[in-house]
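Undergrad: My questions all concern the structure below.
Here it is as structure tokens:
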């Protein structure tokens, strides 16, 4: 009789752990970043103005607004590795989900030039929650210059630089 109680306790333990594992997998799938959008805003000159939507499956949607080589919408199927690469390159600057961070308002901005492009990066989870980073490329601190360099390299990473550069 005692062995039956131990056996039942072991089975219940396995079922409980299995249920928790399924919940954890479901929660992690729901919280996974499935899209990244970045927008490049205007400056006081002829800086390109465009938006790029990246999907987890590698789909890339470009919308050229002004001072770009192409205007309007272009689609490109890429590979999921490019999405993963962009996600990884931007991960150091991703704010917590549900928040927004504006670099020009942070002490990390340093001295600031006022006539350079602004970037907005939005990370989107499967459940629709977002994190938003607004970056002023006029910020001159070391951190801000590193972020600007990463953001300026994204068209090349995604192989859309021909759409951006006039």
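Residue numbers (mature numbering (1 follows the signal peptide of the UniProt record, and there is no 0)): -26 to -1, 1 to 140.
A virtual CB, placed ideally from N, CA and C, is assigned to each residue, including glycine.
1. Between which two residues does the beta strand (DSSP E) harbouring residue 36 extend?
2. Since residue 84 contacts residue 115 with CB under 8 Å, what's their CB separation in whole angstroms?
3. Would residue 206 and residue 129 qualify as a contact pair, given that the criterion is a beta-carbon distance under 8 Å?
4. Does the segment 29 to 49 come close enough to the segment 83 to 98 to have 3 or more Cβ pairs within less than 8 Å?
5. Using the beta-carbon count (16 or more within 10 Å), is residue 19 buried or exposed?
6. Would you mind reading off the limits of the beta strand (DSSP E) that contains residue 110?
7. Can you tell me whether DSSP reads residue 82 as helix, strand or coil?
8. What are the boundary residues of the alpha helix (DSSP H) that residue 123 is part of?
9. Of the residues 31, 52 and 29, which one's Cα is nearest the Cα of residue 134?
10. For residue 12, tell me which candidate among 104, 28, 6 and 74 has the shortest Cα-Cα distance.
11. Sorted by chain position, which residues of the same chain lie with C-beta nearer than 7 Å to residue 67's C-beta, five sequence neighbours on each side aside?
12. I need the straight-line Cα distance from residue 54 to residue 136, nearest angstrom please.
13. Take residue 96 and list the residues in its own chain whose beta-carbon comes closer than 6 Å to its own, dropping the five residues that flank it on each side.
14. Apart from the five residues just before and just after residue -4, which ones in its own chain have a Cβ nearer than 7 Å to its Cβ?
15. Is residue 96 helix, strand or coil by DSSP?
16. Helix, strand or coil for residue 141 per DSSP?
17. Among 33, 24 and 31, which residue has its Cα nearest to the Cα of residue 40?
TA: Quick answer:
1. 33 to 40
2. 3 Å
3. Nothing can be reported for residue 206, as the shown portion of the chain is limited to -26 through 140.
4. no
5. exposed
6. 104 to 110
7. helix
8. 116 to 131
9. 52
10. 28
11. 107 and 121
12. 21 Å
13. 11, 104 and 106
14. Unreliable positioning characterises residue -4 in this predicted model, as indicated by a pLDDT of 46, which lies under 50. The coordinate reading is nonetheless provided below. Within the same chain, residue -4 has no close Cβ partners at all.
15. strand
16. As shown, the chain starts at -26 and ends at 140. That puts residue 141 outside it, with no answer to give.
17. 24
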